[in-house]
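Read top to bottom, the protein sequences are chains A, B, C, D, E and F. Residue 18 in the UniProt record's numbering sits at position 18 of the first sequence; the count goes up by one each step and never skips. Residue 63 in the UniProt record's numbering sits at position 63 of the second sequence; the count goes up by one each step and never skips. Residue 69 in the UniProt record's numbering sits at position 69 of the third sequence; the count goes up by one each step and never skips. Residue 90 in the UniProt record's numbering sits at position 90 of the fourth sequence; the count goes up by one each step and never skips. Residue 64 in the UniProt record's numbering sits at position 64 of the fifth sequence; the count goes up by one each step and never skips. Residue 133 in the UniProt record's numbering sits at position 133 of the sixth sequence; the count goes up by one each step and never skips. As structure tokens, the structure follows; a few thoughts come after it.
There are 6 protein chains.
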Amino acid sequence: MTNERYQKGIETIKQFTIPTEENPTGHMDIGEAFTDIAPDLKEIIVEFAFGDIYARPGLDKKQKVIATISALVAQGTPQIEMHVRTGLAVGLTAEEIVGCIIHLIPYTGFPRVLNSLKAAQKVFAEQGITINTSGQ
Amino acid sequence: MTNERYQKGIETIKQFTIPTEENPTGHMDIGEAFTDIAPDLKEIIVEFAFGDIYARPGLDKKQKVIATISALVAQGTPQIEMHVRTGLAVGLTAEEIVGCIIHLIPYTGFPRVLNSLKAAQKVFAEQGITINTSGQ
Amino acid sequence: MTNERYQKGIETIKQFTIPTEENPTGHMDIGEAFTDIAPDLKEIIVEFAFGDIYARPGLDKKQKVIATISALVAQGTPQIEMHVRTGLAVGLTAEEIVGCIIHLIPYTGFPRVLNSLKAAQKVFAEQGITINTSGQ
Amino acid sequence: MTNERYQKGIETIKQFTIPTEENPTGHMDIGEAFTDIAPDLKEIIVEFAFGDIYARPGLDKKQKVIATISALVAQGTPQIEMHVRTGLAVGLTAEEIVGCIIHLIPYTGFPRVLNSLKAAQKVFAEQGITINTSGQ
Amino acid sequence: MTNERYQKGIETIKQFTIPTEENPTGHMDIGEAFTDIAPDLKEIIVEFAFGDIYARPGLDKKQKVIATISALVAQGTPQIEMHVRTGLAVGLTAEEIVGCIIHLIPYTGFPRVLNSLKAAQKVFAEQGITINTSGQ
Amino acid sequence: MTNERYQKGIETIKQFTIPTEENPTGHMDIGEAFTDIAPDLKEIIVEFAFGDIYARPGLDKKQKVIATISALVAQGTPQIEMHVRTGLAVGLTAEEIVGCIIHLIPYTGFPRVLNSLKAAQKVFAEQGITINTSGQ
Numbered sequence: 001m002t003n004e005r006y007q008k009g010i011e012t013i014k015q016f017t018i019p020t021e022e023n024p025t026g027h028m029d030i031g032e033a034f035t036d037i038a039p040d041l042k043e044i045i046v047e048f049a050f051g052d053i054y055a056r057p058g059l060d061k062k063q064k065v066i067a068t069i070s071a072l073v074a075q076g077t078p079q080i081e082m083h084v085r086t087g088l089a090v091g092l093t094a095e096e097i098v099g100c101i102i103h104l105i106p107y108t109g110f111p112r113v114l115n116s117l118k119a120a121q122k123v124f125a126e127q128g129i130t131i132n133t134s135g136q
Numbered sequence: 001m002t003n004e005r006y007q008k009g010i011e012t013i014k015q016f017t018i019p020t021e022e023n024p025t026g027h028m029d030i031g032e033a034f035t036d037i038a039p040d041l042k043e044i045i046v047e048f049a050f051g052d053i054y055a056r057p058g059l060d061k062k063q064k065v066i067a068t069i070s071a072l073v074a075q076g077t078p079q080i081e082m083h084v085r086t087g088l089a090v091g092l093t094a095e096e097i098v099g100c101i102i103h104l105i106p107y108t109g110f111p112r113v114l115n116s117l118k119a120a121q122k123v124f125a126e127q128g129i130t131i132n133t134s135g136q
Numbered sequence: 001m002t003n004e005r006y007q008k009g010i011e012t013i014k015q016f017t018i019p020t021e022e023n024p025t026g027h028m029d030i031g032e033a034f035t036d037i038a039p040d041l042k043e044i045i046v047e048f049a050f051g052d053i054y055a056r057p058g059l060d061k062k063q064k065v066i067a068t069i070s071a072l073v074a075q076g077t078p079q080i081e082m083h084v085r086t087g088l089a090v091g092l093t094a095e096e097i098v099g100c101i102i103h104l105i106p107y108t109g110f111p112r113v114l115n116s117l118k119a120a121q122k123v124f125a126e127q128g129i130t131i132n133t134s135g136q
Numbered sequence: 001m002t003n004e005r006y007q008k009g010i011e012t013i014k015q016f017t018i019p020t021e022e023n024p025t026g027h028m029d030i031g032e033a034f035t036d037i038a039p040d041l042k043e044i045i046v047e048f049a050f051g052d053i054y055a056r057p058g059l060d061k062k063q064k065v066i067a068t069i070s071a072l073v074a075q076g077t078p079q080i081e082m083h084v085r086t087g088l089a090v091g092l093t094a095e096e097i098v099g100c101i102i103h104l105i106p107y108t109g110f111p112r113v114l115n116s117l118k119a120a121q122k123v124f125a126e127q128g129i130t131i132n133t134s135g136q
Numbered sequence: 001m002t003n004e005r006y007q008k009g010i011e012t013i014k015q016f017t018i019p020t021e022e023n024p025t026g027h028m029d030i031g032e033a034f035t036d037i038a039p040d041l042k043e044i045i046v047e048f049a050f051g052d053i054y055a056r057p058g059l060d061k062k063q064k065v066i067a068t069i070s071a072l073v074a075q076g077t078p079q080i081e082m083h084v085r086t087g088l089a090v091g092l093t094a095e096e097i098v099g100c101i102i103h104l105i106p107y108t109g110f111p112r113v114l115n116s117l118k119a120a121q122k123v124f125a126e127q128g129i130t131i132n133t134s135g136q
Numbered sequence: 001m002t003n004e005r006y007q008k009g010i011e012t013i014k015q016f017t018i019p020t021e022e023n024p025t026g027h028m029d030i031g032e033a034f035t036d037i038a039p040d041l042k043e044i045i046v047e048f049a050f051g052d053i054y055a056r057p058g059l060d061k062k063q064k065v066i067a068t069i070s071a072l073v074a075q076g077t078p079q080i081e082m083h084v085r086t087g088l089a090v091g092l093t094a095e096e097i098v099g100c101i102i103h104l105i106p107y108t109g110f111p112r113v114l115n116s117l118k119a120a121q122k123v124f125a126e127q128g129i130t131i132n133t134s135g136q
């Protein structure tokens, strides 16, 4: 695709993930799994979600991921894993991601926070990331 | 109250609001409106929400408010106004707050974002805050 | 209406409200406000919600109202006032109703609890009900 | 931990579960699975959720569990299993728990109720609990 | 704006509303109230929500509005009024709109349905629309 | 069961599914899995959900399923699969079902839409249904 908004979207995704040769959009889910039933979904995600919204000035990258994770914790949806990966990709530490989720206890209650911590824990384990908790 | 956690909570609140002489906890709602039916609610809010959670290391103050606002946009609750005030109090600009809300369109849909922008707009107007939109 | 399920529904409603001569179904909203656009709604509410569900054995009346209020606090919907009235009608005290709402903080977060307390407080004030908080 | 609020929390948990020697807090999830990424979570849950909230006077134990289950059915979260266990531990019968979930149909709709019944059914089966349905 | 996607969006909006000379986008809220804090919001709504999504083939116009109203009833958000107007604009009758909302009782519960019926009733009254209920 | 409302419910279900000899109510979940803990649930579903609500005039069958699917996408519940089957049974094409789900992006955000597309995709694959996407 050489469409301008699409290119802008791809360039934006690269700032929020760790692109590789086999996977230029890194870990980011851009709807390719649904090409057989909705081939336009990928364009919608790349162009709108990333090209228009993620690229929009205002918050910095870390803040954008914090906002995303927080909205998803509140909704209790399973995409938390993907956005924890995004958080790590933009330089949030595991402590900051855990801090974000735990901060939401007064707003979403414990169950959604615990479910989200479970997802975060899984990603940290996959990536061999540990938290130094000795000072706590 | 001289309880240690309560004091910690009050000190934490002061970092997230602009305290005045008449109102040491600034604009923050700490449940005092319900003293007649639940006098312990104020302690619960000050000690737990602020003394334990808001004081917890991890995210910085701006990030904590971004997380809070995002969770509330996702829930569609009316406390958005209060937390927009908190955002301004910790140094988030109006552009950053608007950026946070608009960033959530791909996660919460437009209606909740529009309702939240309306609340933010009201707070900006009250405080005489404008956004320089000429570059947009 | 002499339909058996309808009669059962009306009899059930009377157990959850304080019927008067002018208002045999007391404070309970049974959809009569929508007779002009959906006349069958009243039957649906009286027969199904009350005749089938509220009449179902299992929980006692107070427990049923606690379940209802809790689900509504979690949803953040405005019908809380009506169900606080129902709670008082079946003998729950104001302390028990406040206790129910505050119990939900770990599950729904503070905003929804505060909004629900506001609704409860309004009903208590209307009915001149106070809580003895001296022991707290 | 010998902290007063922590002890109060542990004592409160014991009233809502069936403690054993190997597992003094019975079936209750107190966040120990996350000790490696958030060691303070356990204190937060034990001290706040149980020491402050669950211990608060107002509702009796069965009513507190009914409130909890109802809020979770409304949210559609997976912790329902744990709280069904809590319900059985405080003396709610399987009929009362089923009655609580079914009572919510007019408030949460059928899907969330069916998903919650599935969780309850699993717990009853694990504990060899049956319901005498011959009279229904 | 002569941008192609923007024009497509405006043309699409016109199919879902009753444009007038003073108001070419009819009753549709396209974010113009927020021009002072987010001037790009209007483009986002017109180009993405309408130019990309509303214009997408698949469902017919009435079905698209039914889908929208249903999602909003489930969320309990206040934009229901606007979409009831959209429904009437594309030729849904008041009976069909009421039928859509009432159909959701088994999925969203009664409170959200009643709140939505109230919004629909308000729009019908404004437009002098009545329902012939004699056959019901 | 020869109860009139029950029969009406069964007849209604047959219009929304493809009945077979072994399974007269086709793929529709009517609560039979819970007969051991709530034998009345089946009657409640058949008589109320189908006999009263699904049979109610207003929307046509396709519109009713679109409304249902949309409310469930908004709620993020797992019953989407069953209702996609219902959609196919009443004659909605795969494109229309995908169109319905994608139409909701501006109202529910992407995660819930993606999760719902995954459920729809699974059902299409099971039934060997493909979408001709060459024109897109």
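Here a beta-carbon is modelled for each residue, glycine too, at the ideal position from N, C-alpha and C. In this text, all values refer to a predicted model and were calculated from it rather than measured experimentally.
For the pair threonine 17/B and glycine 26/B, the CB atoms are nearer than the 7 Å cut-off. Counting the other CB atoms within 10 Å of its CB gives proline 57/D a total below 16, which places it among the exposed residues. Using a Cβ-Cβ cut-off of 9 Å, leucine 114/B is close to nothing in chain A; its nearest Cβ partner there is about 15 Å away.
At a cut-off of 7 Å between beta carbons, phenylalanine 110/E makes no contact with chain B. No Cβ-Cβ contact shorter than 7 Å links cysteine 100/E with alanine 89/F. For proline 39/B, there is no enclosing alpha helix (DSSP H), as DSSP marks it with neither H nor E.
For the 7 Å CB-CB criterion, alanine 71/B and tyrosine 107/A form a contact. For the stretch 32–59 of chain A, residues whose beta-carbon sits nearer than 7 Å to a beta-carbon of chain E comprise Ile44, Phe48, Asp52.
Residue contact check for glutamine 79/F against chain D: a CB pair falls below 7 Å.
As the crow flies, the alpha-carbon of threonine 12/F is around 14 Å from that of glycine 87/F. Bounds of the alpha helix (DSSP H) holding leucine 117/C are 110–126. Between the alpha carbons of arginine 112/B and isoleucine 102/F lies a distance of about 18 Å. Distance from the CA of phenylalanine 50/F to the CA of isoleucine 45/D, rounded to the nearest whole angstrom, comes to 43 Å.
Counting every other CB atom within 10 Å of its CB across the protein chains shown gives glycine 128/D a total below 16, marking it as exposed. With a cutoff of 7 Å on beta-carbon distance, glutamate 96/A and leucine 59/B are scored as near each other. Taken through DSSP and simplified to helix, strand or coil, glycine 58/B comes out as coil.
In terms of Cβ geometry, lysine 14/C and glycine 31/C do not form a close pair [threshold 7 Å]. DSSP places methionine 28/B in the coil class of the three-state scheme, outside both helix and strand. Residues of the same chain with a CB within less than 8 Å of the CB of threonine 20/A, apart from the 5 flanking positions on each side, are Gly26 in chain order. Neighbours of alanine 67/F in chain E, taken as residues whose beta carbon is under 7 Å from its own, are Ile66, Ser70, Cys100, His103, Leu104 in chain order.
The Cβ-Cβ distance between leucine 92/F and lysine 62/F falls below 7 Å.
For glutamate 22/B, the number of other beta carbons within 10 angstroms of its own is below 16, and it is reported as exposed. Within the same chain, and ignoring the five residues on either side of alanine 119/E in sequence, the residues whose Cβ sits closer than 7 Å to its Cβ are Ile80, Glu81, Val84. In this structure, valine 98/E lies near alanine 38/C, with their beta-carbon atoms less than 7 Å apart. Taking 8 Å as the upper bound for CB-CB distance, isoleucine 105/D and isoleucine 53/C are in contact here, some 6 Å apart. The straight-line gap separating the alpha-carbon atoms of lysine 8/F and glutamate 47/F is approximately 7 Å. The Cβ atoms of threonine 77/C and glycine 76/E sit closer than 7 Å to each other. Residues Val46, Glu47 of the same chain have their beta carbon placed closer than 6 Å to that of tyrosine 6/C, with the five preceding and five following residues left out of the count. Close partners of leucine 117/B in chain E (Cβ separation under 9 Å): Gly31, Ala33, Phe34, Ile37, Ala38, Leu41.
By the rule that beta-carbons nearer than 7 Å mark a contact, glycine 76/D touches chain F. Against chain E, a Cβ distance below 9 Å from threonine 86/B picks out nothing, because the smallest value is about 18 Å. Rounded to whole angstroms, the separation of the alpha carbons of leucine 117/F and phenylalanine 110/F is 10 Å.
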